[in-house]
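The working numbering runs 34 ahead of the 1-based position in the sequence shown.
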Amino acid sequence: MSAKDLQHPIKRARGLGSAQSGVGHWWTQRLTAIALVVLGLWFLATVLRLAHTDYETARTLVGKPWNAILLIAFVVTMFWHAVLGLQVVIEDYVHTRWKEVSLLVLVKFLAVLGALAGVLAVLRVALGA
Numbered sequence: 035m036s037a038k039d040l041q042h043p044i045k046r047a048r049g050l051g052s053a054q055s056g057v058g059h060w061w062t063q064r065l066t067a068i069a070l071v072v073l074g075l076w077f078l079a080t081v082l083r084l085a086h087t088d089y090e091t092a093r094t095l096v097g098k099p100w101n102a103i104l105l106i107a108f109v110v111t112m113f114w115h116a117v118l119g120l121q122v123v124i125e126d127y128v129h130t131r132w133k134e135v136s137l138l139v140l141v142k143f144l145a146v147l148g149a150l151a152g153v154l155a156v157l158r159v160a161l162g163a
């Protein structure tokens with residue numbers, strides 16, 4: 035009989051369970067989803083309003099501070115939500131540790147690159163560059 039056999043089951047289980055980050059991840063994913071619904075409806079309304087207009091009208095609309103801010107929030111939230119969702123898929127279905135870590139780094143790198151490109155595009159249009 036070893037000392038481990040005499041331990042209480044809770045003592046043996048400590049350190050094997052949750053890393054205490056799952057609930058925060060879950061909440062962040064839900065909050066970004068709610069934000070995307072609201073921002074997505076605004077974006078759809080804006081795109082429909084610009085459907086048959088020229089570039090100058092679109093630039094003027096995007097150049098308004100609130101529209102530029104909401105468009106940047108939409109781009110950043112969209113990429114953030116995508117990273118959270120892909121992280122769950124990768125963690126659940128990729129079982130080789132080095133592949134999992136590599137994919138997570140790649141997804142985050144591409145998301146940051148995409149978000150920066152989107153923000154830069156909005157700023158260029160909004161500022162008239």
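For each residue, glycine too, the CB sits at the ideal point set by N, CA and C.
With 16 other CB atoms within 10 Å as the buried threshold, where does Ala79 fall? Mapped onto the sequence shown, residue 79 falls at position 45. Ala79 is exposed by the Cβ-count criterion.
- prompt: Taking the alpha helix (DSSP H) that Asp126 falls in, what are its first and last residues?
  reply: Here residue 126 is taken as the residue at index 92 of the sequence shown, counted from 1. According to the DSSP assignment, Asp126 belongs to the alpha helix (DSSP H) that extends over 99-127.
TODO: Would you check if there are 3 or more beta carbon pairs closer than 8 Å linking the region 140-157 to the region 84-94?
DONE: Counting C-beta pairs closer than 8 Å gives fewer than three between the region 140-157 and the region 84-94, which falls short of the contact rule.
Rounded to the nearest angstrom, what separates Arg82 and Leu75 at their Cα positions?
On the sequence shown, residue 82 is found 48 positions in, with the first residue counted as 1. On the sequence shown, residue 75 is found 41 positions in, with the first residue counted as 1. Position check: residue 82 holds Leu in this sequence, whereas Arg was assumed. So the alpha carbons of these two residues sit roughly 11 Å apart.
**Report entry** Ala149 - DSSP class collapsed to helix/strand/coil
**Finding:** The sequence position of residue 149 within the sequence shown is 115, counting from 1. Three-state DSSP puts Ala149 in a helix.
request  = Tell me where the alpha helix (DSSP H) around His59 begins and ends.
outcome  = For the purposes of this step, residue 59 is taken as the residue at position 25 of the sequence shown. From DSSP, the alpha helix (DSSP H) with His59 extends over 56-83.
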